[in-house]
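Q: Let me begin by handing over the structure; questions about it come next.
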Amino acid sequence: MAKNDIESGEMVNDTEHAETRVYELAFHIDPELPQEEAKKTYQTLREGLAGAGSVVAEGEIQKIPLAYTISRKEHAGRRDFDSAFFGWIAYEADGAGHQKALEMVQAETRVIRFLDLRTTVEGAKHAAEMHEFYAKLPEKASEEEEVSDAQLDAALKEAGV
């Protein structure tokens, strides 16, 4: 599989290297699956990546709305997706392991889209830390907080209106 060389901008073959490199696989899983099936798909991908190399960091799946509709042709026709279970796994593998990982995710029919990028161990661990940080934040209160008529009247009176 050819990839763009970051420094030179040239396409290079990234499957024949013997040294290990770190990759981050981000993926969207079919949102119509039950939560348990989506988790099983995630675990299958994780086990496959661990078999192709070693897992460095991960962000377990969560259902999210998509920024835009993803369309996919299937044997029964076209399917549109406006949400998906999103997850990511950073893994370390040599060229053969990376190729094995790509073939595995391409064969998984419950994955509707994926992106595989080269990264660093530090970058992957930082992403995991940020994922945990944002998961612990309380949900934002709605911008339209309900205020009673009495509270509104009191605030207006205090303001001299």
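First residue of the sequence shown? That's 4 in this note's numbering, and the numbers climb one at a time after it. All C-beta atoms in this analysis are idealised placements derived from N, C-alpha and C, irrespective of residue type, glycine included.
#1: Checking the sheet assignment: what are the DSSP bridge partners for T122?
#2: Using CA coordinates, which residue listed in I73, A93, A55, Q65 is at the minimum distance from Y137?
#3: Nearest to A130 by CA position, among Q109, A21, E27, is which residue?
#4: Measure the alpha-carbon distance for A104 versus P141 and round it to whole angstroms.
#5: Given a threshold of 16 other Cβ atoms within 10 Å of its Cβ, counted over all protein chains shown, does A41 qualify as buried or as exposed?
#6: Am I right that I92 and L52 are in contact with their C-beta atoms under 8 Å? What's the rounded C-beta distance?
#7: Within 10 angstroms of its Cβ, does V124 collect 16 or more other Cβ (buried), or is it exposed?
#8: At which residues does the beta strand (DSSP E) containing A87 begin and terminate?
#9: From the DSSP output, in three-state form, read off S11 for me.
#10: If you run the structure through DSSP and keep just helix, strand and coil, what is Y71?
#11: Output the boundary residues of the alpha helix (DSSP H) element that contains E39.
#12: With H, G and I counted as helix, E and B as strand and the rest as coil, what does DSSP make of H129?
#13: Are at least three pairs of beta-carbons, each pair with one atom in the stretch 83-92 and one in the stretch 28-37, less than 8 Å apart?
#14: Taking E161 as part of the alpha helix (DSSP H), name the residues at either end of that continuous run.
A: Put simply:
#1: V25.
#2: Q65
#3: E27
#4: A104 and P141 have their alpha carbons spaced roughly 35 Å apart.
#5: buried
#6: 5 Å
#7: Under a 10 Å Cβ-count criterion, V124 is classified as exposed, with fewer than 16 other Cβ atoms of the shown protein chains found around its own Cβ.
#8: 80-96
#9: Confidence is the limiting factor: at S11 the pLDDT is only 42, short of 50, which leaves the residue's position unreliable and the question unanswerable from this model.
#10: strand
#11: 38-55
#12: helix
#13: yes
#14: 152-162 is the extent of the alpha helix (DSSP H) around E161.
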